[in-house]
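Undergrad:
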Amino acid sequence: MTSVLLRDSLGDWTDFDVAGYRLGEFLVVIPPERSFGSVKGSFWIDGFPVGIMLDEMLESMVKAGFLEKNDDLQYRWNPVQPDIDQPLDEEPLPPFT
Numbered sequence: 472m473t474s475v476l477l478r479d480s481l482g483d484w485t486d487f488d489v490a491g492y493r494l495g496e497f498l499v500v501i502p503p504e505r506s507f508g509s510v511k512g513s514f515w516i517d518g519f520p521v522g523i524m525l526d527e528m529l530e531s532m533v534k535a536g537f538l539e540k541n542d543d544l545q546y547r548w549n550p551v552q553p554d555i556d557q558p559l560d561e562e563p564l565p566p567f568t
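If you're matching positions, the sequence shown starts at 472 in this note's numbering and goes up one per residue.
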């Protein structure tokens, strides 16, 4: 199996469901034998925990500055590395409980 960095996988604008799938593959919460088509409903239908989790993670990555999001609900890796030593200027990320 070839290892692909998430930043390479999301280098171009990518629809939200494909971005979620790629994040899920990267985190190995979506098994490698599952195709995008077999899990696509998890991102389109309410109530699927893995889809909810991956959507929230993508949004957190936007807030943290690692991803960009456009008006077409597409994501891409931010070509400008965020300064991880700087606090957010906006609403903070939710606390881990």
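Even for Gly, the Cβ is constructed at its ideal location relative to N, Cα and C.
If you're wondering where the values come from, they're calculated on a predicted model, not measured in any experiment.
Can you say whether Ile555 is buried or exposed, counting buried as having 16 or more other CB atoms within 10 angstroms of its CB?
TA: Looking at its Cβ environment, which holds fewer than 16 other Cβ atoms inside 10 Å, Ile555 is exposed.
Undergrad: How many Å lie between Trp515 and Val475 at the Cα?
TA: Approximately 25 Å between the Cα atoms of the pair.
Undergrad: Drop a sphere of 10 angstroms on the beta-carbon of Ser509, count the other beta-carbons inside from all chains shown, and report buried for 16 or more, exposed for fewer.
TA: Ser509 is exposed by the Cβ-count criterion.
Undergrad: Label Asp488 either buried or exposed according to how many other C-beta atoms from any shown protein chain fall within 10 Å of its C-beta, with 16 as the threshold for buried.
TA: Buried.
Undergrad: In angstroms with no decimal places, state the Cα-to-Cα distance between Asp479 and Trp548.
TA: One C-alpha to the other measures close to 8 Å.
Undergrad: Which residue or residues does DSSP assign as beta-bridge partners of Tyr546?
TA: Tyr546 is bridged to Thr485 and Lys540.
Undergrad: CB-CB under 8 Å to Thr485, same chain, minus the five flanking residues each way: which ones, in chain order?
TA: The answer, listed in chain order, is Arg493, Gln545, Tyr546 and Arg547.
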